[in-house]
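To keep things clear, I will list the structure first and then write my remarks on it.
In this note's numbering, the protein residues as written are 3 to 262.
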């Protein structure tokens with residue numbers, strides 16, 4: 003077979019049809035390394051390891067290691083904790099570098115894209131106020147699984163003031179409030195922040211005045227299952243170590259996600 007015939011054959015089978023050198027060797031009763039040497043001699047581009055893996059997945063020779071496979075909750079938790087620990091252990095200069103990069107990425111967006119992102123964020127915030135945040139739902143589910151009766155978004159009128167409590171555990175009269183960034187930073191402007199703070203202070207006074215207990219969760223970071231797991235662990239510790247005091251009422255606790 004002439005060099006041109008070899009080149010045409012390898013280009014057809016290897017480059018166009020995606021067959022491997024081993025596949026071609028089997029077809030022509032020879033060795034894979036011989037096909038590779040011929041390809042190299044004939045200046046045919048040889049796939050690197052990454053390209054070879056992608057080609058194997060594309061042609062169905064190999065199955066994707068995770069596609070279509072549901073990870074267990076324990077596996078997800080371990081992955082999440084690994085990512086969280088990696089982030090928490092970053093040096094300050096690396097964190098600052100990433101923040102600056104994120105800011106630069108935002109500034110590089112065109113005005114229409116920025117506007118669409120902000121609209122989507124506003125829609126998500128409004129939806130969260132009605133159906134609950136991811137952290138609220140996570141805590142609700144975990145408390146139920148651990149045998150606690152929990153009222154989700156409990157509507158309550160105290161001293162002629164209508165309140166909505168994020169999570170309420172009636173057996174120990176524990177009101178759990180999840181405070182996102184808009185409760186302590188001017189996400190929606192200074193006036194909105196001032197209103198939120200005034201409402202939070204009034205709400206706190208009414209809850210404690212009722213003889214209930216209040217647990218505030220200060221959520222400064224984006225939601226992740228790993229952080230939620232750590233927060234819930236702290237909630238359980240508070241409930242278990244302060245059970246008699248909770249029965250008496252008027253106890254106040256605070257958890258910050260920066261602790262985990």
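Even glycine gets a Cβ: it sits at the ideal position worked out from N, Cα and C.
All values reported here derive from a predicted model rather than from experimental measurement.
Assigned secondary structure, residue i (DSSP; H/G/I helix, E/B strand, else coil)
i	result
residue 44	coil
residue 32	coil
residue 254	strand
residue 262	Its pLDDT being 47, under 50, residue 262 is placed unreliably by the model, and the measurement read from it follows with that caveat. Three-state result, residue 262: coil.
For residue i, the nearest candidate out of the options (CA to CA)
i	options	result
residue 236	102, 144 and 46	144
residue 252	176, 184, 52 and 221	176
residue 152	138, 172, 226 and 140	172
residue 219	47, 243, 185 and 96	185
residue 47	224, 197, 30 and 22	22
residue 135	183, 208, 248 and 115	183
residue 54	93, 149, 24 and 200	24
residue 211	38, 254 and 137	254
residue 157	148, 149, 99 and 167	167
residue 39	189, 198 and 5	5
residue 45	52, 19 and 10	10
residue 57	34, 19, 94 and 37	19
residue 165	150, 209 and 193	209
residue 227	137, 199 and 190	137
Span of the beta strand (DSSP E) around residue i
i	result
residue 166	163 to 171
Where the alpha helix (DSSP H) containing residue i begins and where it ends
i	result
residue 146	136 to 147
residue 93	Where residue 93 is concerned, there is no enclosing alpha helix (DSSP H), given that its DSSP letter is neither H nor E.
residue 28	23 to 29
residue 229	227 to 243
residue 15	Careful: residue 15 lies outside any alpha helix (DSSP H) and carries neither H nor E.
Other residues of its chain near residue i: CB distance less than 8 Å, five sequence neighbours each side excluded
i	result
residue 181	202, 218, 219, 220 and 221
residue 248	174, 175, 176, 215 and 241
residue 15	21, 25, 26 and 29
residue 41	12, 16, 23 and 48
residue 148	238
Close-in-space but distant-in-sequence residues of the same chain around residue i (CB under 6 Å, 5 per side omitted)
i	result
residue 246	none
residue 258	220
residue 159	none
residue 195	188
heavy atom of the ligand MG below 7 Å from residue i C-beta
i	result
residue 183	Summarising the ligand content, the structure contains no ligands, and the ligand MG is consequently not present.
Original post:
What are the complete beta strand (DSSP E) segments, minimum 3 residues, inside the region 157 to 225?
Top reply: Entirely contained in the region 157 to 225, the beta strand (DSSP E) runs reaching 3 residues are, in chain order, 163 to 171, 176 to 181 and 215 to 220.
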